[in-house]
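Residue numbers (the numbering used here): 1 to 318.
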């Protein structure tokens, strides 16, 4: 399936009235620090606490009546899990979530609280896609993966669509990158609404499979990375996400864990906003100069805010 901006527009209509149209925030301090005009799309204020709700809501909304009756299965370390569980609850669709044994406790609790059945696996010994495939076949469930799914990608693109509709054309758009659903969807929306924009993905330094993939011209697979950016610990881009990113993105840069902690502290202290480590990836690229932004209008997608309070306290105290 070839994705286009029309799919993002269709997703926007499908999730209207269910997903929040999150605010765009600004900071004079951030602008002074970077020499740019930064526009932060605040997805920590999205339902279920992250942009993932957009794609989940769109994918579930696109199911046939029979698929909805049987239910859906998703595999995720947290944000996609919560998003599918919540979107399923709101639309009356049963959900089963395959989660790693070491997923953040706050994300496991939230997913269970939304009514999902949780199946645990060991991410270092088992393949989550294989575990999910067997379970889905046994129960007749529709699988909605966290990023490599056309309806998920289209739904994620609505964040960039809303951002540009609100603030106008951008010179640069910075987007957090794990498996590429948000970046691919953002590419579709931004290229249509702000044709001259430079679109950059930002991934954890310890897990730069996307950066390696662009350099090599094909999807590169890596071992499970170790980083505090738990929402971006993917091992490869997807068959749907990679072609879009390769075609539309200006490039991919990385951020260290220390840079993510610094960004988290900035948002708490100066903007009174809780942003999880993964959600700080794009902002860290602007703050640290990984992408040249001086004198430019820059969109920054803050992807989520689902961080355990105890972990947040540890990070800020470090």
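Backbone N, C-alpha and C define an ideal beta-carbon position, used for all residues, glycine too.
Contact belief for residue i with residue j at Cβ below 8 Å, rounded distance in angstroms
i           : j           : result
residue 235 : residue 224 : 6 Å
residue 308 : residue 105 : 6 Å
residue 291 : residue 253 : 6 Å
residue 85  : residue 111 : 5 Å
residue 275 : residue 302 : 5 Å
residue 160 : residue 184 : Their Cβ separation, rounded to whole angstroms, is 11 Å, which puts residue 160 and residue 184 out of contact at 8 Å.
Cutoff 6 Å; reference residue i; Cβ partners in own chain excluding five residues on either side
i           : result
residue 117 : 96
residue 299 : 39, 163, 170 and 173
residue 297 : 37, 170 and 171
residue 152 : 55, 59 and 181
Counterpart residues of residue i in DSSP-defined beta bridges
i           : result
residue 353 : With the chain running from 1 to 318 in the structure shown, residue 353 is simply not present.
residue 40  : 25 and 300
residue 16  : 19
residue 117 : 96
Contact set for residue i: own chain, Cβ-Cβ below 7 Å, skip 5 residues either direction
i           : result
residue 45  : 20, 22 and 23
residue 120 : 99 and 101
residue 205 : 254, 255 and 256
DSSP-derived helix/strand/coil call for residue i
i           : result
residue 35  : coil
residue 151 : helix
residue 53  : helix
residue 100 : strand
residue 173 : strand
residue 317 : helix
residue 290 : coil
residue 307 : coil
residue 45  : helix
Contact set for residue i: own chain, Cβ-Cβ below 8 Å, skip 5 residues either direction
i           : result
residue 287 : 30, 33, 34, 259, 262, 263 and 266
residue 122 : 100 and 101
residue 27  : 38, 40, 270 and 271
Beta carbon proximity, residue i to chain C, threshold 8 Å
i           : result
residue 242 : Protein chain content of the structure displayed is limited to a single chain, and chain C is not contained in it.
Whole runs of the beta strand (DSSP E) within the stretch 250-275, excluding any shorter than 3 residues | 251-255
Could you pull out every unbroken beta strand (DSSP E) segment of at least 3 residues lying fully inside the stretch 175-243, listed in chain order?
-> 198-204
Ordered list of alpha helix (DSSP H) runs contained in the stretch 56-97, each at least 4 residues = 65-70 and 79-91
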